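S.K.: Keeping their order, the protein sequence lines are chains A and B.
With my numbering applied, the first sequence covers 9 to 459.
With my numbering applied, the second sequence covers 697 to 1156.
Positions of the beta carbon are idealized from the N, C-alpha and C atoms, including for glycine.
Computed from a prediction, not measured in an experiment: that's the story for all the values here.
For reference, the structure I am asking about is given below.
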Amino acid sequence: MRAGLYHDSVSLMRISQALSSRPGVTVAVVAMATELNLGLAREAGFEIAEAGPTDLLVAIRAESEAAMKDAGEELDRQFAALARGGQSGGPRAESAPRTTRSAARAWDATLALVSVPGRHAFAEAMDAIDAGLSVMIFSDNMPVELEVLLKDRAKERGVLVMGPDCGTAVVGGAGLGFANVLRPGPVGVVAASGTGAQQVTCLLDHAGAGVSHVLGVGGRDLSAAVGGRSTLVALSALDADPATELIVLISKPPAPEVADIVRQAVERLGTPVVTALLGAGQDDLTTAAEKALRDLGVTVPEWPSWTVPQQAGSADLCGLYSGGTLCAEARIIAGTGSFIDFGDDQYTVGRAHPMIDPTMRLEALGRASGVVLLDVVLGNAAEPDPADRLAPAIREARERGAAVVVALVGTESDPQGLRRQADALVAAGASVFTSNAAAARHATSLIGSAQ
Amino acid sequence: MTLSMLDGEPRVISAGAAVLAEALDQQAVPRLGVDWRPPLPGTSEALLKVLADPRRERANELAVGRLLSARPQLVGVRPAGEVLDLPPRTFFHAGPPIDWERASGPMRGALIGAAIFEGLAADAEEAERLLVSGSVMLDSCHHHRTVGPMAGVVSPSMWMFEVLDVEHGGTAYCSLNEGLGKVLRYGAYGPEVVERLRWMGDVLGPVLAGALALSGPIDLRSLIAQALQMGDELHNRNRAATSLLVREIAPAIVEASPEHAAAVLRFINGNDHFFLNAGMAAGKVSADAARDVPGSSLVVAMARNGTDFGIQVSGLGNRWFTGPAGVPDGLYLGAYGPDDANPDIGDSTITETSGLGGFAMAAAPAIVRFVGGDVSDAIAATRSMYEITLAEHPAYQIPGLGFRGTPTGIDVALIARTGQLPIVNTGIAGRVAGTGQVGAGLVSPPAEAFTAALAALAEK
């Protein structure tokens, strides 16, 4: 137990992963000593001393003294790397600020990105708003009444709250959260869905149309409780933004009373708006992107895909997704099969998002048969080489007689490189589509091919 | 509406997951990282309620604004019995309320000394019987616009500095400083202690009163600002402030009382801490101006009685929130050591409450050994206090930090969020009654005083 040492859960899970993968190490748990993590360690057979959530727990089981020593040294290296890297970037003060409030007082920022655990995100977000800064809240699990309170305070201050549970945003060319590297251009996006926005903007990018800004608003913004508070601010701000010529609004179907408010707001804007509502009976994301391109006068291209001849061993369709909106879209298009969204809260308790940590999805892929449909989302903050992790599992699945279809959401400029990822996935035996809708249709067609 | 973040180059504050911060660094986006850590255990729910209180921001702005704008002036020196609600057989003491039973050695010693000084008892045994019997009423100085260093015992015949806040109209009082060594405030009550107190009442008090009548009010805000730039932090070092005070008042002392002037000036000059008590009254009158703002989480008093460390908060009236007083960590006089030390005692933490003392350590390189090392530790101490304070003092500045204002206005919510406790400089009293001062150093307040206040704010 290391008292008073704190690192965020994603960093610690990466360390746990690094230690577990060392030869001779059977189990490694490096985590803050929350009730949940203590329970996990106890379940793994460790005897745990008294500890609180501000202590850091290290539990390692190894086959030999030497392996244990090696793991200990690796742990020290990892902690040292965190200490070096965690606070770097930007101007380095003599001591790092301890709150967003203090950071805003010390430095002339334009916005804040908050990703502390959900119950603590309110304080940091409120600091940003009080300091007159817009804020993106990546954290989830914030009670809705606090979201409303933040958004009301933000309106008084003339700033925007993106989130909570906002996965992606692009502001002035900077990608925040899971963000693709997009060419600059005339399209402003307001999105209540992170992967929905990523799909649309990546397709626009393929077609040569870039974005001015992508403003996430959080998945609940258009609910009756929140009333579209951030959507209205974001629409109005993009309308006033000289770089934005067309606005794309992406959302699940809003609550009826909110839909009226948003419609009226859209009608008042001087900038044309393409609305993409997700759900049964609505346009899919690809159709929405095509609509936007036509409004811009840009030719709709053929969306890139790379198919390999496949036959499914059985007629089961199984969707294994990391993006919630992509999963929902595929489920609607397929109309059959079983779909799992590994980014859903029930799979992320005590784990990082599957775009960062693919372990659970890989395990599911190892069991799947029939037609398997996957999404792979590229961009900043996502896994550095997802195809490399997936390829062996895809090969195995193909050898078992499964057919594998991948919806690959990304751009050529993403750190992972769209083409490089597509090539690796195709080489492993998967058919790859840049349109999730097209991937879902292709997977559905393969059900019929089952022997 | 327009959003300023959409224009120009993005500059991002990041709090939370390192993977998202690294993604910004890879894009070469200018970024300042927050060294975020979970709040003090058990405070999450109360923090949410307090931070969501719509009154909070405005209330804290108002409260800390009053603390910063106070203009304390030394206007008089008068007997306590005359100016305070202090009837015979009543003593005030430092810190939150306490009775004889729970009082520590130095507090008991000072109460005994005061009983002898007031003629209520002929000797220590008789004084102790009197105090045990409860026939002397005890109350906190803080309840009566008063502060006292160490034991802080005030009895009717003692003479007090009278400090007026000409901005907000408040008045506060503090006793006159007796010097170092065997003195009442450290719990000593021998004949030399009582004799000195008599001289202070017969000569020092009246002479200073006469001198102030001639000189007119002395601007303590300006004097403190100058002393900070001369190497004082105004709690454990008052050498510059005392010298400045003497410069201001010496001619008037000579004019007011030629026959006593030499003795009075010799007494003041022999005590580097003479100014401390005037500075404490200045802190008290400033902090009192910030009291009673509904919804404010600003600390308006931190005080110790030798047993408990207590705080009061602007939005919570006169309620005390306490925890056990800690034993200071510091340097000891002569052969004394940590075993001789009494737990933390005194109202002098009003200096930290008003942005001085430990909060201004960076201004006082001459006494950095109290913070356990070198000048960089003193600078780090002051810097860390900006994390838990609402403002920077416009007049009290630190040359070594580019004349940045001292961190002023402790916020219980920021303490809970950062886990950073106020840094308090203090003298150390001997634990046995009658010993006197044994050292000086640093002390850490109990976190529960602040978390209990936060919980109370959440309920209001």
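Check for me: the alpha helix (DSSP H) holding A:C210 runs from which residue to which?
M.R.: Per DSSP, A:C210 belongs to the alpha helix (DSSP H) from 202-214.
S.K.: Shorter than 8 Å from the beta carbon of B:I1094 to some beta carbon of chain A?
M.R.: No, B:I1094 does not count as interfacial toward chain A.
S.K.: Counting only beta-carbon atoms, is A:S421 nearer than 8 Å to chain B?
M.R.: Not closer than 8 Å to any Cβ of chain B, the Cβ of A:S421 fails to qualify, so no.
S.K.: Give the single residue among B:I920, B:G877, B:G1042 whose Cα lies nearest to the Cα of B:A766.
M.R.: The shortest Cα separation from B:A766 among B:I920, B:G877, B:G1042 belongs to B:I920.
S.K.: Go ahead and label B:E955 buried or exposed: buried means 16 or more other beta carbons lie within 10 angstroms of its beta carbon, across all protein chains shown.
M.R.: B:E955 should be labelled exposed.
S.K.: Any idea if B:S982 is buried or exposed, counting beta-carbon neighbours within 10 angstroms, 16 or more meaning buried?
M.R.: The residue is buried, with at least 16 neighbouring Cβ atoms inside 10 Å.
S.K.: Across the segment 25-38 of chain A and the segment 384-396 of chain A, are there enough close Cβ pairs to call them in contact, namely three or more that are closer than 8 Å?
M.R.: These segments do not touch.
S.K.: Determine which residues of the segment 1049-1079 of chain B have a Cβ less than 8 Å from any Cβ of chain A, and write them out in chain order.
M.R.: Those residues of the segment 1049-1079 of chain B that come within reach of chain A (Cβ to Cβ, closer than 8 Å) are I1075, A1076, R1079.
S.K.: Write down every uninterrupted run of the beta strand (DSSP E) in the segment 63-124 of chain A whose length is 3 residues or greater and which is fully enclosed by it, in chain order.
M.R.: List check, beta strand (DSSP E) in window: 63-70, 119-123.
S.K.: Alpha carbon to alpha carbon, what distance is there between B:T842 and B:S1010?
M.R.: So the alpha carbons of these two residues sit roughly 17 Å apart.
S.K.: Just tell me which of B:V850, B:Y1092, B:G1030, B:A759 has its CA closest to the CA of B:D781.
M.R.: Minimum Cα distance to B:D781 is reached at B:V850.
S.K.: Check this for me: beta carbons of A:V208 and A:L334, under 8 Å apart or not?
M.R.: Cβ atoms of A:V208 and A:L334: not closer than 8 Å.
S.K.: Does the beta-carbon of B:G761, which I'm using as the reference point, lie nearer than 7 Å to any heavy atom of the ligand ADP?
M.R.: Summarising the ligand content, the structure contains no ligands, and the ligand ADP is consequently not present.
S.K.: Buried or exposed for A:Q318, going by 16 or more other Cβ atoms inside 10 Å?
M.R.: Flag for A:Q318 reads buried.
S.K.: Any Cβ of chain B within less than 8 Å of the Cβ of A:V124?
M.R.: So, interface residue.
S.K.: Would B:L940 and B:N873 qualify as a contact pair, given that the criterion is a beta-carbon distance under 8 Å?
M.R.: Cβ atoms of B:L940 and B:N873: not closer than 8 Å.
S.K.: Taking only the alpha-carbon atoms, compute the straight-line gap between A:M134 and B:L699 and give it to the nearest angstrom.
M.R.: So the alpha carbons of these two residues sit roughly 17 Å apart.
S.K.: Please state if the CB of B:D861 and the CB of B:F788 are separated by a distance shorter than 8 Å.
M.R.: Not a contact, by the Cβ cut-off of 8 Å.
S.K.: My output table needs one value for B:Y679: the three-state DSSP class, helix, strand or coil.
M.R.: With chain B represented from 697 up to 1156, any question about residue 679 of chain B goes unanswered, as that position is not in the structure.
S.K.: Check each candidate in B:D721, B:I1094, B:A1129 and name the one with the smallest Cα separation from A:G183.
M.R.: Among B:D721, B:I1094, B:A1129, the Cα nearest to that of A:G183 belongs to B:D721.
S.K.: How would you call A:T315, buried or exposed, if buried means at least 16 neighbouring beta carbons within 10 angstroms?
M.R.: Exposed is the call here.
S.K.: Is A:L121 close to chain B? Criterion is C-beta to C-beta, closer than 8 Å.
M.R.: It does; some Cβ of chain B falls within 8 Å.
S.K.: A:G196 and A:V169 - do their beta-carbons sit closer together than 8 Å?
M.R.: No, they are not a contact pair.
S.K.: Mind checking who B:M856 pairs with in its DSSP beta bridge?
M.R.: In the DSSP output, where bridge partners are listed per residue, B:M856 has B:R774, B:S871.
S.K.: Could you give the uninterrupted runs of the alpha helix (DSSP H) lying entirely in the segment 961-1048 of chain B, keeping only those of 4 residues or more?
M.R.: Fully enclosed alpha helix (DSSP H) runs of 4 or longer: 970-985.
S.K.: If A:T295 sits next to A:T252, beta carbons under 8 Å apart, how far is it from one beta carbon to the other, in whole angstroms?
M.R.: No, A:T295 and A:T252 are not in contact; Cβ-Cβ is about 22 Å, not under 8 Å.
S.K.: Mind checking B:L827: buried by the 16 CB within 10 Å criterion, or exposed?
M.R.: Buried, since its Cβ has 16 or more Cβ neighbours within 10 Å.
S.K.: Counting pairs of beta carbons, one from the segment 185-195 of chain A and one from the segment 783-802 of chain B, are three or more of them closer than 8 Å?
M.R.: Cβ pair count under 8 Å is below three, so no.
S.K.: Report back the beta-carbon spacing between A:S147 and A:P125 to the nearest angstrom; my notes put them in contact at under 8 Å.
M.R.: Sure, about 7 Å apart at Cβ, within 8 Å.
S.K.: In this structure, what does DSSP give as the bridge partners for B:Q1133?
M.R.: Bridge partners of B:Q1133: B:A1125.
S.K.: Does the Cβ of B:E1088 have 16 or more other Cβ atoms within 10 Å, making it buried, or fewer, making it exposed?
M.R.: By the neighbour-count rule (16 or more Cβ atoms within 10 Å), B:E1088 is buried.
S.K.: With distance defined between alpha-carbon atoms, name the residue in B:P750, B:D749, B:V771, B:G729 nearest to A:A112.
M.R.: Ranking the options by Cα distance to A:A112, first place goes to B:G729.
S.K.: Per DSSP, A:W314 is paired with what?
M.R.: A:W314 is bridged to A:V440.
S.K.: Could you tell me which chain A residues have their CB closer than 7 Å to the CB of B:D749, listed as they occur along the chain?
M.R.: Here the premise fails: no neighbours, minimum Cβ distance about 10 Å.
S.K.: Within the 8 Å Cβ cut-off, does B:R707 reach chain A?
M.R.: True, the Cβ-Cβ gap to chain A drops below 8 Å.
S.K.: Can you give, in chain order, each stretch of the beta strand (DSSP E) that sits fully within the segment 351-405 of chain A and has at least 3 residues?
M.R.: If we require 3 residues or more, the beta strand (DSSP E) runs fully inside the segment 351-405 of chain A come out as 379-385.
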